[in-house]
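A.B. asks: Heads up: the sequence shown begins at -18 in my numbering, then just goes up one per residue.
Below you'll find the structure I mean.
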Amino acid sequence: QVQLVESGGGLVQPGGSLRLSCTASRGGFGINTMGWYRQAPGKQRELVATMTRSGNTNYADSVKGRFTISRDNAKNTVFLQMNALKPEDTAVYYCRASYSSTLDSGSWGQGTQVTVSS
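Written as structure tokens, this is what we have:
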């Protein structure tokens, strides 16, 4: 079982930036896909971005052009650079990792709160 540790959330004003990090501290050998989901109050958890070990990426339409996912495969770490943040980006952001080419199954991080507010 992969253990994921997230960091980087916080409070930011609209238009600001944040960078989230997630590291697989245990069971990281062989991880293929890593990514981020988010869940706003009263809403279902939704996919934000994914990245395979080979570098293939996928983004939700709502974050394209504003968010960038990247990885350090040697450190089993995935990042989410979030720019031009909007109030509707406010959510708990969860990291996920899988040994397969998708995140349909896998391990979850504990979540980190991102709040965009003036």
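The C-beta atom is built at its ideal place from N, Cα and C for all residues, glycine as well.
Looking at the unbroken beta strand (DSSP E) that takes in L66, where does it start and where does it end?
C.D. replies: Note, L66: premise wrong, no beta strand (DSSP E); not H, not E.
A.B. asks: Applying the 10 Å Cβ sphere with the 16-neighbour rule, what's the burial state of L84?
C.D. replies: The residue is buried, with at least 16 neighbouring Cβ atoms inside 10 Å.
A.B. asks: For A5 versus V29, is the C-beta spacing smaller than 8 Å?
C.D. replies: Cβ atoms of A5 and V29: not closer than 8 Å.
A.B. asks: Checking the sheet assignment: what are the DSSP bridge partners for T31?
C.D. replies: Note: T31 sits in a beta bridge opposite G16, N39.
A.B. asks: What residue from N57, S35, T58, L66 has the CA that sits closest to G46's CA?
C.D. replies: Residue L66 is the option with its Cα nearest to G46.
A.B. asks: Keeping to the same chain, check which residues put their C-beta closer than 8 Å to that of G8; ignore five residues upstream and five downstream.
C.D. replies: For G8, where only same-chain residues beyond five positions count, the Cβ hits under 8 Å are Q(-18), V(-17), Q(-16), S88.
A.B. asks: Quick test of your reading: T14 and T38, contact by CB under 8 Å. State the CB separation rounded to the nearest angstrom.
C.D. replies: About 10 Å separates the two Cβ atoms, so there is no contact after all.
A.B. asks: From W17 to P(-5), what does the alpha carbon distance come to, in whole angstroms?
C.D. replies: Those two C-alpha atoms are separated by around 20 Å.
A.B. asks: So, is E(-13) buried or exposed, given that buried needs 16 or more other C-beta atoms within 10 angstroms?
C.D. replies: So E(-13) ends up on the buried side.
A.B. asks: Closer than 6 Å by C-beta to Q94: which residues in its own chain qualify, once you throw out the five before and the five after it? Chain order, please.
C.D. replies: The answer, listed in chain order, is G(-10), V73.
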